[in-house]
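In what follows, a structure is listed as structure tokens, so that the remarks can point back to it.
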Amino acid sequence: MADNRVSGKSTTSVASPNAGGTDLSPDLVHAWGPGLSTAEVRKRVQAGQTNAAPRPGGRTTWDIIRTNVFTWFNLILGVLCVAVLVFGSWKDTLFGGIIVVNSLIGIVQEMRAKIALDRLSLLTAPAAKVIREGRKQEVPVQEVVLDDILLLTAGDQVVADGEVLASRSLEIDESLLTGESVPVLKEPGDRLLSGSFVVAGSGVFQATAVGKDAYAHRLAQESKHYVRLHSDLVAGINDILRVIGLGIVPVGAFLVWAQFRMGAGLEHGVTNAAAALVAMIPQGLVLLTSIAFAVSAIVLAQRKVLTRELPAVEGLARVDVLCIDKTGTITEPRPAFERLEILESSAD
């Protein structure tokens, strides 16, 4: 594919700066050239080089359901519940309601977090101003393509990564991306990051990265990246349940055999054995742990903190020191030493 990138020194003759209603100054006009042609835009669309947002990453709905339903606790109680349902009355399976409650607590909270993350987008502008075939056009953000020439005025959002071709006192607010509150003055040749905003001036830039390659979309995807957390509390409970699960088989067989020895039938033997085995399972411990996690997640939500999975609350409780920089960004625990400045002692 031919390279259609425009040099800042281009003097291609184009339409009047006010064609299409642009309010940019005439000295910026020579920088953009005629822009892409309809055929060039079509080629980029066919190649997938558009600014369409990538599909949401992170956890799937099935993954959330699977994680919260298929647990040791639910497995043990579920087997006992099925046994009672087969050999006894459904009225004796009410203890199975704990399976539903315990699963729903985790599913509801984590689905709320998933929905919030799926909606996360740094690009909020509905449309962008581009130059195509020498004329200004306004197109939806997702229809911007690679190498498009875009116009910026105060209040506009940068919808794609790009390189400044021309500018007049162009100041960009990158606080949403970097945390820096001071606007950055951009000159020709400087890089623009998608998701930033124009606070003053005007300019022209060429899109060098769109769609999943654009900084705003990559940043949003990173925030949705999921890594399963290790919880000492949950791991400890699962260890207890594994031991109980292994012990239930011989104990259950012995209880059924004992019921037969006492003259009880199969139905009564299995039902009575299941009732005894249910008492061995720490149902209250598991349920109260889930409730405690859920309540903590609700309290954090009231303080604008999103809990992606309930055991993360335990990890936060173990934090002693949280390091942040002046912009409020959480700092990684890898300080880098650059140089040592020795200052002369003051006479005071």
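Numbering (my numbering), first residue to last: 1478 to 1825. Ideal Cβ placement from N, Cα and C applies to all residues, glycine included.
Count the CB pairs spanning the region 1630-1638 and the region 1666-1684 that are closer than 8 Å, and state whether there are at least three. Taking a contact to require three or more Cβ pairs closer than 8 Å, the region 1630-1638 and the region 1666-1684 qualify as touching.
Around the C-beta of E1651, are 16 or more other C-beta atoms found within 10 angstroms, so that it is buried, or is it exposed? Sequence index remark: in the sequence shown, residue 1651 carries index 174 (1-based). Under this definition E1651 is a buried residue.
Note down, in chain order, each residue of its chain lying with its Cβ closer than 7 Å to the Cβ of S1580, except the 5 sequence neighbours on either side. Along the sequence shown, one-based indexing puts residue 1580 at 103. Spatial neighbours of S1580 in its own chain (CB-CB distance under 7 Å, excluding positions within 5 residues in sequence) are listed in chain order as N1545, V1546, N1551.
Is I1819 helix, strand or coil when you go by DSSP? Counting from one through the sequence shown, the residue named residue 1819 turns up at place 342. Of the three classes helix, strand and coil, the one that applies to I1819 here is coil, per DSSP.
Just reading off the beta strand (DSSP E) that P1617 is part of, what are its end residues? Reading the sequence shown from its first residue, position 140 is the one you call residue 1617. Counted as a single uninterrupted DSSP element, the beta strand (DSSP E) harbouring P1617 occupies residues 1612-1617.
Just list the residues that DSSP pairs I1626 with in beta bridges. Walking along the sequence shown from the start, residue 1626 turns up at place 149. Residue pairing by DSSP puts I1626 in a beta bridge opposite I1608, Q1683.
Using the C-alpha atoms, what's the distance from R1668 back to L1642? Taking the sequence shown and counting its residues from 1, one reaches residue 1642 at position 165. Taking the sequence shown and counting its residues from 1, one reaches residue 1668 at position 191. Each residue's Cα considered, the two are about 10 Å apart.
Output the distance between the C-alpha atoms of A1530 and D1638, rounded to the nearest integer angstrom. Locating residue 1530 in the sequence shown gives position 53, counting from the first residue. Locating residue 1638 in the sequence shown gives position 161, counting from the first residue. A1530 and D1638 have their C-alpha atoms some 14 Å from each other.
Going straight from the alpha carbon of I1717 to that of V1763, what length do you get? In the sequence shown, counting from the first residue as 1, residue 1717 sits at position 240. In the sequence shown, counting from the first residue as 1, residue 1763 sits at position 286. C-alpha separation (whole angstroms): 11 Å.
Could you work out which residue in G1574, I1649, E1821, G1583 is closest to S1658 when comparing CA atoms only? Numbered from its first residue, the sequence shown carries residue 1658 at position 181. For S1658, the nearest C-alpha among the options comes from I1649.
Going by DSSP in three states, V1659 sits in which element: helix, strand or coil? As a working note, residue 1659 is residue 182 in the sequence shown. Coil at V1659, not helix or strand.
7 Å CB neighbourhood of I1542 in its chain, flanking five on each side removed: In the sequence shown, the residue the question calls residue 1542 occupies position 65. Cβ-Cβ distances below 7 Å link I1542 to I1584 in the same chain, with the five nearest sequence neighbours on each side left out; the list follows chain order.
Tell me whether V1687 counts as near the ligand SAH, meaning its Cβ is closer than 7 Å to at least one heavy atom of that ligand. The ligand SAH is absent from the structure shown, which contains no ligand whatsoever.
Are A1774 and Q1586 close, meaning C-beta to C-beta below 8 Å? Position 297 of the sequence shown, counted from the start, is the residue given in the question as residue 1774. Position 109 of the sequence shown, counted from the start, is the residue given in the question as residue 1586. Yes. Within cutoff.
Which of helix, strand or coil DSSP assigns to E1744: Taking the first residue of the sequence shown as position 1, residue 1744 is located at position 267. In this structure, E1744 counts as helix in the three-state DSSP scheme.
To the nearest angstrom, report how far apart M1739 and G1746 are at their CA atoms. As a first step, residue 1739 must be located in the sequence shown, where it is residue number 262. As a first step, residue 1746 must be located in the sequence shown, where it is residue number 269. Using only the alpha carbons, I get a separation of about 9 Å.
Straight-line gap, L1793 to T1766 (C-alpha atoms, nearest Å): The residue given as residue 1793 occupies position 316 in the sequence shown. The residue given as residue 1766 occupies position 289 in the sequence shown. Taking the straight line from one Cα to the other gives about 15 Å.
Sort P1727, G1680, A1756, V1711 by Cα distance to C1558 and report the nearest one. Numbered from 1 along the sequence shown, position 81 holds the residue referred to as residue 1558. Nearest neighbour of C1558 by Cα position, chosen from P1727, G1680, A1756, V1711, turns out to be A1756.
Between the region 1783-1790 and the region 1698-1714, can you find at least three pairs of beta-carbon atoms closer than 8 Å? Look at the beta carbons and you see the region 1698-1714 touching the region 1783-1790: at least three pairs across the two are nearer than 8 Å.
How would you label K1781, buried or exposed, when you count the other beta carbons within 10 angstroms and need 16 or more for buried? In the sequence shown, residue 1781 corresponds to position 304, counting from 1. With fewer than 16 other Cβ atoms from the protein chains shown falling within 10 Å of its own Cβ, K1781 counts as exposed.
8 Å CB neighbourhood of L1817 in its chain, flanking five on each side removed: As a working mapping, residue 1817 is identified with position 340 in the sequence shown. For L1817, where only same-chain residues beyond five positions count, there are no Cβ hits under 8 Å.
Determine the direct distance from the alpha carbon of S1598 to that of H1694, and round the result to whole angstroms. For the purposes of this step, residue 1694 is taken as residue 217 along the sequence shown, with counting starting at 1. For the purposes of this step, residue 1598 is taken as residue 121 along the sequence shown, with counting starting at 1. H1694 and S1598 have their C-alpha atoms some 7 Å from each other.
Specify, as a first and last residue, the run of the beta strand (DSSP E) that A1643 falls within. The residue you call residue 1643 lines up with position 166 of the sequence shown. Counting along the chain, the beta strand (DSSP E) containing A1643 begins and ends at 1638-1650.
Take the Cβ of S1679 as the centre, count every other Cβ of all protein chains shown within 10 Å, and call the residue buried at 16 or more, exposed below. Position 202 of the sequence shown, counting from 1, holds the residue named residue 1679. S1679 comes out buried.
Cα-Cα separation between I1576 and P1660, rounded to whole angstroms: For the purposes of this step, residue 1576 is taken as the residue at position 99 of the sequence shown. For the purposes of this step, residue 1660 is taken as the residue at position 183 of the sequence shown. Taking the straight line joining both Cα atoms gives about 53 Å.
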